[in-house]
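-8 is the number of the first residue of the sequence shown in my numbering; add one for each residue after it.
Below is one structure, written out as C-alpha cells; the observations come after it.
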Amino acid sequence: MSFPGYAANGWSALQKLLRKTGLWEVAERLVVYAKGSSHGGGFTRATAIAYHLLAMKTSTAHDQRIAKMSFASVYPMYLAKVKKKGRTRDELHQAIKWLTGFDSETLQELIDEKATFETFFAKARLNPNARFITGVICGYRVEDIENPLTQQVRYLDKLVDELAKGRKMEKILRS
C-alpha cells in the first residue's frame, strides 16, 4: 500500500510508525475506503485520518500494559543502554534518584520484589521539576501524555535516553 505523491522516505517512516503502533490495519482499511469512496478526497482524506490516528493519545490498554510492566524487567535494559554509551550505573541511579527520590538500596529492593511501574511510582516522591522534562520518547511527546503513570514512566525513559546521548548531568537533572 502506498499513497501517490508521497516521497518514499516520508511514506516509509509513516508506514513503520503505523505498524509499530498497531494502526497499520486501520490505515489499510481507510485506503480501501478512500479508493471506493464517491465522496472525493480519496488518498488525501485517508492520509489525514492516518496522521490523526498517529497523533492519538495513548490507549487505555497501552497505559495498563505499562502499569503492569515490571521495573525489574526494564532496569537491565536501562543499564545496558547507558553503559553502552560510556555512562555508569551510578549516573543512572543518580538520574533515577532525582526523579523518584529512591536511593540505591530502595531501588534494589524494588528490583528484587519485581515491583510493577504502578507500584514503583506509587512509592516514589516525584521531583517537582519533572514537569520540565519535555520532548519525544517512544513516539509520544512526554508533556502531552494524559495518563499520569504513563507520563512518569516516559519521564524515566527520557532521562535514560538523555543520559545515553551524553547530555551533561546538570542538564538531565534540570538544575
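Each residue gets a CB set at the ideal place from its N, CA and C atoms; glycine is no exception.
Keep in mind the model is a prediction, meaning the values are calculated, not measured.
*Residue environment, D94, which counts as buried when at least 16 other CB atoms sit within 10 Å*: Using a 10 angstroms sphere on the CB of D94, the tally of other CB atoms stays under 16, which defines it as exposed.
*Could you tell me which residues DSSP pairs with R80 in its beta bridges?*
Beta-bridge pairing links R80 to no other residue.
_Residue range of the unbroken alpha helix (DSSP H) whose run includes M160_ = M160 to I163 is the extent of the alpha helix (DSSP H) around M160.
*Rank R145, G92 and A52 by C-alpha distance to the C-alpha of A115 and give the top, closest one.*
Of the listed residues, the one whose Cα sits closest to A115 is G92.
*Proximity to W89 [Cα-Cα], best of K156, Q143 and G157*: Nearest option by C-alpha distance: Q143.
*Which class does S61 belong to by DSSP, given the choice of helix, strand or coil?*
Strand at S61.
*asked:* Tell me the residue span of the alpha helix (DSSP H) that contains D94.
replied: Unbroken run through D94: none, as it is neither H nor E.
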